[in-house]
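Scroll down for the structure; my scribbles are underneath it.
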Amino acid sequence: MSPRQAAFRNKNNNNDNNHDSAAHSPFGTRSSSPRQSTFTAFPSTVSSVSSDPSSNVPTATSSNTSASELSGGSGAHTISHRGPHLSQRPPVSPPTDPAYGDTEKGLKYREPVMGAFSLPIPFTRRFVILGIIIVTVIITLTSRSDIVSSSLSSTPSSWFPSSSSISTMDEQKLKDAGMSVSLSALSTTERKLVVAQAENKAKLAPYFNPNPSWGGREHGRDDYKAYTDRKLRELAVCVATNTCRENQTSVIIYGHIFSHFHIYEGYMGGEGIWTASLTETLEKYGYTILHARDDWPYMWYIHNQIPDMVKAIIAWKSGQYGGFADFVKSGWRQNGVPAWKFFVYNYFPDHYNSMVGDAWNIHSEFGYSNKQRNFTLLPYIVDMPPSPPYIPTEERPPQIYILAKFVRYFYPGTQPAWEDHTFYSRAKAELEIDFPGFEFVVGCRDDRNGAEQEAHPMSVPEGIRNLGQMDKTEFERQLANSRGMLGIGWPTLSPSPHVALSYGIPFISPYGMYGWSSPDKPETWSQSQHDTLKALGEPYVYHVLRNDYKQFVSAIRKALSTPIPQFRLPYVTREYQEKAVEDFLATDWKAKAIEILENRKKGIETENGNVIQEFAV
Numbered sequence: 001m002s003p004r005q006a007a008f009r010n011k012n013n014n015n016d017n018n019h020d021s022a023a024h025s026p027f028g029t030r031s032s033s034p035r036q037s038t039f040t041a042f043p044s045t046v047s048s049v050s051s052d053p054s055s056n057v058p059t060a061t062s063s064n065t066s067a068s069e070l071s072g073g074s075g076a077h078t079i080s081h082r083g084p085h086l087s088q089r090p091p092v093s094p095p096t097d098p099a100y101g102d103t104e105k106g107l108k109y110r111e112p113v114m115g116a117f118s119l120p121i122p123f124t125r126r127f128v129i130l131g132i133i134i135v136t137v138i139i140t141l142t143s144r145s146d147i148v149s150s151s152l153s154s155t156p157s158s159w160f161p162s163s164s165s166i167s168t169m170d171e172q173k174l175k176d177a178g179m180s181v182s183l184s185a186l187s188t189t190e191r192k193l194v195v196a197q198a199e200n201k202a203k204l205a206p207y208f209n210p211n212p213s214w215g216g217r218e219h220g221r222d223d224y225k226a227y228t229d230r231k232l233r234e235l236a237v238c239v240a241t242n243t244c245r246e247n248q249t250s251v252i253i254y255g256h257i258f259s260h261f262h263i264y265e266g267y268m269g270g271e272g273i274w275t276a277s278l279t280e281t282l283e284k285y286g287y288t289i290l291h292a293r294d295d296w297p298y299m300w301y302i303h304n305q306i307p308d309m310v311k312a313i314i315a316w317k318s319g320q321y322g323g324f325a326d327f328v329k330s331g332w333r334q335n336g337v338p339a340w341k342f343f344v345y346n347y348f349p350d351h352y353n354s355m356v357g358d359a360w361n362i363h364s365e366f367g368y369s370n371k372q373r374n375f376t377l378l379p380y381i382v383d384m385p386p387s388p389p390y391i392p393t394e395e396r397p398p399q400i401y402i403l404a405k406f407v408r409y410f411y412p413g414t415q416p417a418w419e420d421h422t423f424y425s426r427a428k429a430e431l432e433i434d435f436p437g438f439e440f441v442v443g444c445r446d447d448r449n450g451a452e453q454e455a456h457p458m459s460v461p462e463g464i465r466n467l468g469q470m471d472k473t474e475f476e477r478q479l480a481n482s483r484g485m486l487g488i489g490w491p492t493l494s495p496s497p498h499v500a501l502s503y504g505i506p507f508i509s510p511y512g513m514y515g516w517s518s519p520d521k522p523e524t525w526s527q528s529q530h531d532t533l534k535a536l537g538e539p540y541v542y543h544v545l546r547n548d549y550k551q552f553v554s555a556i557r558k559a560l561s562t563p564i565p566q567f568r569l570p571y572v573t574r575e576y577q578e579k580a581v582e583d584f585l586a587t588d589w590k591a592k593a594i595e596i597l598e599n600r601k602k603g604i605e606t607e608n609g610n611v612i613q614e615f616a617v
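The numbering of the sequence shown is full-length UniProt numbering, which starts it at 1 and goes up by one.
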């Protein structure tokens with residue numbers, strides 16, 4: 001079994017309640033450390049592209065340099081025991097049976113007795129050997145697909161597509177059972193389990209048939225409870241019928257409000273994109289995800305139903321009906337949620353809000369710091385765009401795409417980087433001379449209510465063509481036709497600059513300085529639109545001082561005339577993200593928490609933040 005398969009094969013752990021959880025990983029059989037951020041600021045910005053898969057520091061990878069395989073191998077040792085040596089066996093007395101004859105040295109030997117149809121001994125041995133060879137060949141051929149799947153360390157057996165065809169009837173069974181599983185992506189074994197689950201679930205439908213008016217946005221805010229109830233029924237069915245998929249009995253609870261907004265309202269901000277990536281990876285490897293909005297009483301309720309199955313709660317510390325502090329396990333609240341199971345999620349990498357320790361803070365971005373920070377990084381995925389929509393730089397029009405989805409981003413209140421709106425019209429007139437047809441484009445809308453719009457009218461500054469609100473497909477098409485992406489100060493740490501780089505489009509990032517700051521020392525800057533990308537320099541990222549028109553025009557001119565290859569930082573690749581999730585699930589968090597707690601009681605503190613304290617295990 002490969003390391004990745006071992007890390008993602010956790011079903012059996014839930015069936016052995018006698019295991020000492022302090023000695024065995026609650027997420028698997030491994031107890032490796034999680035993928036944590038150990039990013040230290042570069043002494044100067046990076047101006048060249050390199051790829052170092054052995055380093056935790058994000059280095060650039062382009063479309064010409066494939067990401068290294070983040071997988072490992074393990075050798076199998078076979079011990080053959082053939083019994084004691086002949087010299088160690090007790091002596092055998094010479095036989096006295098008359099069937100034995102005498103040899104020249106007086107030793108006895110048995111005369112062979114052969115039946116009418118017996119073959120000579122040499123021929124018998126040959127037939128036996130031939131039979132063994134035939135059986136071996138048959139077994140090898142019939143299990144070939146399983147051997148191939150187990151040899152791919154980066155692909156667990158549950159995600160090895162079967163070559164057999166998928167029946168329409170099986171797909172209909174899943175649809176009728178309300179199970180959204182892609183059969184085409186599963187192995188034959190996993191596919192049979194899923195279909196069997198659907199059949200068993202269908203048998204229960206007449207008895208556990210929720211009211212059609214229960215759940216869904218049109219019926220109130222309990223859509224997350226309706227979903228979780230369905231998933232709990234699926235768990236009960238698979239456990240009772242022994243049809244659980246690999247990892248299905250390992251449960252992750254989503255308790256963050258932005259995860260809820262993404263799942264039920266289509267929110268696609270940074271937290272939404274992160275939720276989509278994490279969900280894709282967890283479901284790919286068969287884990288069960290339960291939804292809890294930001295409802296801490298409900299998270300506590302779910303955990304108490306299946307405490308041995310719940311591996312992690314990813315949430316914020318407060319919610320609509322109280323917070324984690326009201327439901328944490330303590331000396332007098334033994335049915336509370338253990339602190340070591342609660343992971344505080346914050347998209348931005350500059351918060352320590354766990355009472356346990358640094359690694360219980362989950363972030364989506366590296367950020368930029370001259371100090372080592374030990375939070376857990378679970379990044380989102382940025383896939384390389386296909387061709388189309390990728391367009392070579394020389395074939396694109398002289399167009400700069402402005403990163404802004406709301407008109408108010410150009411106005412005070414969001415700290416616009418270019419407060420003088422004439423920057424755009426002046427730059428357009430100046431750049432059209434050398435780049436005929438040059439224009440700024442943006443896709444934004446006014447998201448304020450009618451009264452606010454009437455009281456304080458806002459419009460896109462002159463010199464910018466507004467394409468209006470766009471869906472993902474149209475956004476990618478417009479981005480693919482641009483030669484640069486211009487930041488205007490907000491939103492910060494957006495995934496969009498990463499997406500732009502994957503199209504071979506440089507990002508123009510505004511930054512601010514204190515009186516003592518140095519332009520060539522990003523760690524001294526007062527702010528930047530994208531802290532992580534402070535690690536990159538031209539021609540991939542152009543760092544421009546806020547409200548400096550000369551730098552503003554110069555950076556745009558360079559972006560228009562300097563093509564770059566398609567490019568990604570390693571940590572936004574699918575391989576890195578899946579490995580990070582693997583490490584997270586393979587870590588024995590309870591054992592780590594116990595070690596931290598024991599040191600804390602001795603007065604030895606190894607963690608950061610203002611909320612760290614003693615806790616009940």
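Don't be surprised by glycine CBs; every beta carbon is placed ideally from N, CA and C.
Asked                                                                                                           : Found
Residue from Gly367, Ala480, Gln305 with nearest C-alpha to Phe348                                              : Gly367
Helix, strand or coil at Pro519 according to DSSP, with G and I counted as helix                                : coil
Beta bridge counterpart(s) of His363 as assigned by DSSP                                                        : Leu377
Top-ranked residue by Cα proximity to Gly506, from Met299, Leu536, Leu282                                       : In the sequence on display, residue 506 carries Pro and not Gly. Of the listed residues, the one whose Cα sits closest to Pro506 is Leu536.
At least three beta-carbon pairs within less than 8 angstroms, the stretch 437 to 447 to the stretch 392 to 410 : yes
Residue burial classification, Asp520 (beta-carbon count within 10 angstroms, cutoff 16)                        : exposed
Cβ-based burial, Ile604 [other Cβ within 10 Å; buried from 16]                                                  : exposed
Assigned exposure category for Lys317 - 16 Cβ within 10 Å defines buried                                        : buried
Coarse secondary structure for Ser25, derived from DSSP in three states                                         : Any reading at Ser25 needs caution, since the residue's pLDDT is 37, under 50, leaving its predicted position unreliable; the model's value is listed next. Coil, per DSSP.
Exposed unless 16 or more other CB atoms sit within 10 angstroms - verdict on Phe208                            : exposed
Integer Cβ distance of Ala427 from Phe552, believed to fall under 8 angstroms                                   : 7 angstroms
Same chain, Cβ closer than 6 angstroms to Leu193, five either side skipped, listed in chain order               : Thr243, Arg245
The beta strand (DSSP E) enclosing Phe343, as first and last residue numbers                                    : 342 to 345
Burial state of Glu395 (16 or more Cβ within 10 Å)                                                              : exposed
C-alpha distance - Glu234 paired with Phe342, whole-angstrom precision                                          : 24 angstroms
Whether Gly270 touches Ser494 by CB criterion (8 angstroms)                                                     : yes
Tyr542 - DSSP class collapsed to helix/strand/coil                                                              : strand
Nearest-angstrom Cα separation, counted from Thr393 out to Ser63                                                : Caution is warranted here: a pLDDT of 47 is assigned to Ser63, below 50, making its placement in the model unreliable, and no coordinate value can be reported.
Span of the alpha helix (DSSP H) around Phe475                                                                  : 472 to 480
Extent of the continuous alpha helix (DSSP H) to which residue 618 belongs                                      : Residue 618 is absent from the model: the chain starts at 1 and stops at 617.
Residue closest to Met513, alpha-carbon to alpha-carbon, out of Arg477, Ala417, Ile252                          : Ala417
N-terminal and C-terminal residue of the beta strand (DSSP E) that Met513 is part of                            : 507 to 513
Buried or exposed by the 16-neighbour rule on C-beta atoms within 10 Å, applied to Gly266                       : exposed
Met299 - containing alpha helix (DSSP H), residue span                                                          : 296 to 305
Backbone CA spacing between Trp490 and Pro457 [nearest angstrom]                                                : 20 angstroms
Identity of the residues DSSP links to Asn466 by a beta bridge                                                  : Val442
For Phe615, the nearest candidate out of Asp294, Met299, Leu467, Gly331 (CA to CA)                              : Gly331
Pairwise C-alpha distance: Glu462 and Ile433                                                                    : 18 angstroms
Cross-strand partners of Tyr411 (DSSP beta bridge)                                                              : Tyr411 pairs with nothing; no bridge assigned.
Of the listed residues Gly515, Asn335, Leu278, Ile257, nearest to Lys579 (C-alpha basis)                        : Leu278
Per-residue DSSP class, three states only, for Gly272                                                           : helix
With 16 other Cβ atoms within 10 Å as the buried cut-off, status of Ala240                                      : exposed
Proximity to Ser259 [Cα-Cα], best of Gly272, Arg600, Asn599                                                     : Gly272
Same chain only: Cβ atoms within 7 angstroms of Pro397, ignoring 5 sequence neighbours per side                 : Gly437, Asn481
Range of the contiguous beta strand (DSSP E) that encloses Gly450                                               : Not the beta strand (DSSP E): Gly450 falls in the alpha helix (DSSP H), residues 450 to 455.
One or two residues paired with Thr288 in a DSSP bridge                                                         : Val251
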